[in-house]
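Visitor:
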Amino acid sequence: MSQKTVRLTMAQAVARFLTRQMTIIDGERVPIFGGVFAIFGHGNVAGVGEALYGVRETLPTYRAQNEQGMANAAIAFAKASFRRRFMACTTSIGPGALNMVTSAALAHVNRLPVLLLPGDVFANRRPDPVLQQVESFGDGTISANDCFKPVSRYFDRITRPEQIIPALRRAMQVLTDPADCGPVTLSLCQDVQAEAYDYPESFFDEKVWVPRRIEPDLDELASAIEALRSAKKPIIIAGGGVLYSEASAELAAFAEKHGIPVVETQAGKSALPHSHPLNMGSVGVTGTSASNALAEEADVVLAVGSRLQDFTTGSWALFKNEALKIIGLNVQAFDAGKHEGQPLISDARAGLNRISGGLGSYKADSAWTERAKAGKAEWLAAAERATATTNAALPSDAQVIGAVQRARGGRKTTLVCAAGGLPGELHKLWQAEEPGGYHMEYGFSTMGYEVAGGLGVKLAKPDSDVIVMVGDGSYMMLNSEIASSIMLGAKFTVVLLDNAGYGCINRLQMETGGANFNNLLKDTHHVELPQIDFAAHAAAMGAVTRKVGSIPELEAALAETADEVRTTVIVIDTDPLITTEAGGHWWDVAVPEVSDRDQVKAAREGYEKALQARRFG
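Listed below in structure tokens is the structure:
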């Protein structure tokens, strides 16, 4: 029996295949790929570039300014889409490809899907060494793209055109798998991109991918139910898996039925509305006083969709109950069993429903629930004081957050941030009411994610009021996708907090006994301090800009520009030293054991004392 074929180049086969992958969103069949970000060079322009031109009406190609920026935007698109849709990114060989490695690590840590298509060396090796080729003296099979291997869930180098058939099929399995989800890198040898092959027509049949909902093992489920039924002081840790499972309604129903307080990780924040009476807010190093007080005493922790990183657990010093049991409800066994956790391998929505059914009428002690609600009331009062308006010349980050919340916070707002001091303050203080309304990249804490992330979120959620909060240090690292947002008509608002340096790390340096050194601009080795006009810089890329001098001016500017159709950047100077004192928890940052400085010696004594409270393994 002969098989019908179509003759295409390998790159054309890739492009056509991507257009045929679909998913179901709100009952409607839509392309699973939201588009392709591309920066062309000699290693992909003739092959992939020509192929993408051929499908431009069904698979849009977006021209970016920076390879890391475009990959960050693609990852933000996937995160904002709850991993239901994602994007591809293509670059040339060499520095363009390697610029995406940081983004691959970001996606890997955060379990987010993105398809990376870097150009590579010639498979036939005839013109070696080609422009931008990194030669290994001892291994002829290595190229610069091997750097993607440790930060990709699946990596393949395509050295023959027919190899793309199993590679793309495997790529889609990984990109859509709830447990293995993460970045896929298909390294495309540039000569092979242009080679033709008779591909089976069936390879391009339309395929619909829907989320796999893993049901719990009955024995693991029974153990989880037994542990919770015996709990006197249970809490739920809501991680990003709740959002990716779209299980917010199930989480709310579970908490209400069983009277169990919920605390949120950075990835899980917005899983419950901030106003929900059982939402205690952020937990851990940047946690609220309400959440952390409960976590310290909890006897059972139901960790839903969390990888239990050190910020969540206070470097494993937060939980103090000797009888503590952790139930790891997670699709990935690697995460479910962390720190002797009792694994429950399951989709979050399915797992919560099954546990709730097994618990029947079980309800946590009413005194525990009422104590939680009282703790939240106390925290809200402290948060209100921290975010209150002020006429200070240099307001705190918290006061800026309060202004943004009052002016533009709401159900249609998505707040985007990533690194520096802002994530800690926002984790505590931002009031998100809709799932996904809080978009924080804190798994890899990637400086420079914010602006590009805002672009990706806006592409995924065009009807959302996207607010990006970013410090001057992170803005300086990567801001060029402001220009891309102007090109694409993808308006978002940037609130740029200028504290003249790396304020967060400066505070950490001080807390660990270090001298003020090389973080704030004034403490650097310099001949002349830079006087950066951030508003003028953003305006040069086409943005609408404002420089404001106070919190009332910031609120007014946010209100005035709410209906602006172009990306808007509002700059305000802030104090680098002030942080919200309420809430929070110790974080393990090793202090030098030997130093000539008394400040470091004192910090070391405190560090050694703090280590004694840490649980281990």
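Heads up, the sequence shown is in full-length UniProt numbering, so the first residue is 1 and it goes up one at a time.
Even for Gly, the Cβ is constructed at its ideal location relative to N, Cα and C.
Predicted model, so just to flag it, every value in this text is computed and none were measured.
1. Using 8 Å as the threshold, is the region 109-116 in touch with the region 435-446, meaning 3 or more CB pairs across them?
2. Please classify THR141 as buried or exposed, where buried requires at least 16 other C-beta atoms within 10 Å of its C-beta.
3. With DSSP run on the structure shown, which of helix, strand or coil describes HIS427?
4. To which residues of the same chain is THR389 closer than 6 Å at the C-beta, ignoring the five residues directly before and after it?
5. So, are the CB atoms of PHE33 and PHE86 less than 8 Å apart?
6. Would LEU497 and ILE572 be called neighbours here (beta carbons separated by less than 8 Å)?
7. Taking Cβ positions only, does ARG614 come closer than 8 Å to chain D?
8. Taking only runs of the beta strand (DSSP E) that begin and end inside the region 104-168, which ones reach a length of at least 3 residues, in chain order?
9. How would you label GLN21, buried or exposed, when you count the other beta carbons within 10 angstroms and need 16 or more for buried?
10. What is the DSSP secondary structure of CYS504, counted as helix, strand or coil?
11. Helix, strand or coil: how does DSSP classify SER282 here?
12. What is the residue span of the alpha helix (DSSP H) that ASP205 lies within?
13. Select from ASP146, GLN65 and TYR53 the residue whose C-alpha is nearest the C-alpha of GLY94.
14. How is HIS42 classed by DSSP in three states: helix, strand or coil?
15. Check whether the Cβ atoms of GLN531 and ASN519 sit closer than 8 Å, and answer yes or no.
16. Taking the runs of the beta strand (DSSP E) that are 3 residues or longer, which of them lie wholly in the region 467-520?
17. Excluding the five sequence neighbours on either side, which residues of its own chain have a C-beta within less than 6 Å of the C-beta of PHE254, listed in chain order?
18. Determine the burial state of ASN124: buried for a count of at least 16 other Cβ atoms within 10 Å of its Cβ, exposed for fewer.
19. Between which two residues does the beta strand (DSSP E) carrying THR23 extend?
20. If you run the structure through DSSP and keep just helix, strand and coil, what is ALA88?
21. For my contact list, ALA303 and ARG213 are in at a C-beta cut-off of 8 Å; report their separation, rounded to the angstrom.
22. With C-beta atoms as the reference, is VAL121 less than 8 Å away from ILE158?
23. Of the choices LEU308, ARG16 and TYR475, whose alpha-carbon is the least far from that of ARG56?
24. Excluding the 5 residues flanking ASP180 on each side, which residues of the same chain have their C-beta closer than 6 Å to its C-beta?
25. By DSSP, does PRO183 sit in helix, in strand, or in coil?
26. Of all the options ILE505, PRO127 and VAL494, which has the alpha carbon lying nearest to the alpha carbon of SER415?
27. Could you pull out every unbroken beta strand (DSSP E) segment of at least 3 residues lying fully inside the UniProt domain "Thiamine pyrophosphate enzyme central" (222-354), listed in chain order?
28. Let me know the secondary structure DSSP gives ALA543 once reduced to three states.
29. Which value, in whole angstroms, describes the spacing of the CA atoms of GLN599 and THR524?
30. Whether or not the region 313-321 and the region 451-464 are in contact is what I'm after, with contact meaning three or more pairs of Cβ atoms, one per stretch, closer than 8 Å; do they touch?
31. Can you round the beta-carbon distance between VAL283 and ALA295 to whole angstroms, since I take them to be within the 8 Å contact cut?
32. Quick one: what does DSSP say GLU28 is sitting in, helix, strand or coil?
33. Pull up the CB-CB distance for ASP472 and ASN506, whole angstroms please, since I reckon it's below 8 Å.
34. The alpha helix (DSSP H) that contains VAL457, what's its start and end?
35. Can you tell me where the alpha helix (DSSP H) holding TYR53 begins and where it ends?
36. In three-state terms, what does DSSP make of THR102?
Guide: In short:
1. yes
2. exposed
3. helix
4. ILE551
5. yes
6. yes
7. In the structure shown, chain D cannot be found, because there is only a single protein chain.
8. 114-120 and 154-158
9. It counts as buried.
10. Under the three-state reduction of DSSP output, CYS504 falls in the helix class.
11. Reduced to three states, the DSSP call for SER282 is strand.
12. That residue, ASP205, is in no alpha helix (DSSP H); it is neither H nor E in DSSP.
13. ASP146
14. coil
15. no
16. The region 467-520 contains, as complete beta strand (DSSP E) runs of 3+ residues, the segments 493-498 (chain order).
17. LEU352 and SER356
18. exposed
19. 21-25
20. In the structure shown, ALA88 sits in a strand (DSSP, three-state: E or B).
21. Actually they do not touch by this definition, with Cβ atoms about 19 Å apart.
22. No, they are not a contact pair.
23. ARG16
24. ARG153 and VAL174
25. Under the three-state reduction of DSSP output, PRO183 falls in the strand class.
26. The residue asked about is misnamed: residue 415 is Leu in this sequence, not Ser. Measuring from the Cα of LEU415, the nearest candidate turns out to be VAL494.
27. 234-238, 262-264, 279-282, 300-304, 325-330 and 342-345
28. ALA543 falls in the coil class under three-state DSSP.
29. 20 Å
30. no
31. Rounded to whole angstroms, the Cβ separation of VAL283 and ALA295 is 6 Å, and the two are in contact under 8 Å.
32. strand
33. Not really, about 13 Å apart at Cβ, beyond 8 Å.
34. 449-460
35. 50-54
36. Residue state, collapsed to three classes: helix.
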